[in-house]
Ligand SMILES: Nc1ncnc2c1ncn2[C@@H]1O[C@H](COP(=O)(O)OP(=O)(O)OP(=O)(O)O)[C@@H](O)[C@H]1O
Ligand SMILES: [Mg+2]
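Residue numbers (this note's numbering): 7 to 265.
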């Protein structure tokens, strides 16, 4: 099976997928992000670490303008995110895969239908159909995405009957169904036990690398950050305090950033 998504029109094979410069965000009296600068080349996997409240989730959300930054520039997949109108923003978000700690599957729908929902942003009239009416080619693609996460056998099972690990795999399959070039993952395995977390993370990164996707993920698991990312960026009170290749880092060194 060919696991490579179809190339998109108008997207470069290489280059910079994300460029963040001078980003700042304040909530009431708290300066949550301040002078955040970094760029992510296409195909790189970046771990974003830092203590609770350091600003990791806010930064991911600012990159997509799910939260409006107060200052700075963000270029994502060649577009100036802060200059986009609503339609442009919708189109951009449809090209980005999301995986969150809470997988946000629709419990009463099957695993397969949840995966199909990943195509909503790119399939015409997608909102009008549900599983039984989905075009055959999309259903086949959704099954392939479930196969890639090792869950083809539970395609028909309701999402609310899945284990935590299975749910997170379905969420990954749904994100793959978007045919993204870039993925954002906010603590993608935080709700899983250590063994399942390790397994799902390894699977996720394998899929990311095989498809040449760019990844920005947050994690509190420093060993995961080092093992699975190419590069680690650490935030502390809204500022970048470390930005280094993962291969040069050790857990103890990263742990010190939390003191
Ligand atoms: N909508 C909001 N309104 C007010 N304050 C907010 C809002 N969202 C986040 N904050 C504050 O911004 C700071 C950064 O939050 P954020 O969720 O980005 O941290 P984080 O690094 O993702 O933390 P965690 O590791 O706990 O997920 C926190 O102090 C948080 O309370
Ligand atoms: Mg967070």
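Note that the Cβ used here is the ideal one computed from N, Cα and C, for glycine as well. Everything numeric in this text was worked out from a predicted model, so none of it was measured.
In the DSSP annotation of this structure, the continuous segment of the alpha helix (DSSP H) that includes residue 147 starts and ends at 142-154.
For the options 219, 177, 159, 147, the alpha carbon positioned closest to that of residue 112 is the one of 177. At a Cβ-Cβ threshold of 7 Å, residue 124 and residue 174 do not count as neighbours.
In this structure, 117 is the residue among 246, 117, 59 with its C-alpha nearest to the C-alpha of residue 153. Remark: C-beta atoms of residue 220 and residue 193 do not approach each other more closely than 7 Å.
For residue 206, the enclosing alpha helix (DSSP H) starts and ends at 200-216.
Each residue's CA atom was taken as its position, placing residue 196 and residue 188 some 20 Å apart. A residue is called buried once 16 or more other Cβ atoms fall within 10 Å of its Cβ, and residue 265, having fewer, is exposed. About 5 Å separates the beta carbons of residue 186 and residue 102, which is inside the 8 Å limit, making them a contact pair.
DSSP places residue 35 in the coil class of the three-state scheme, outside both helix and strand.
Residue 236 is positioned such that its CB atom lies closer than 7 Å to that of residue 252.
When DSSP reads this structure, residue 234 sits in no beta bridge, so it has no partner.
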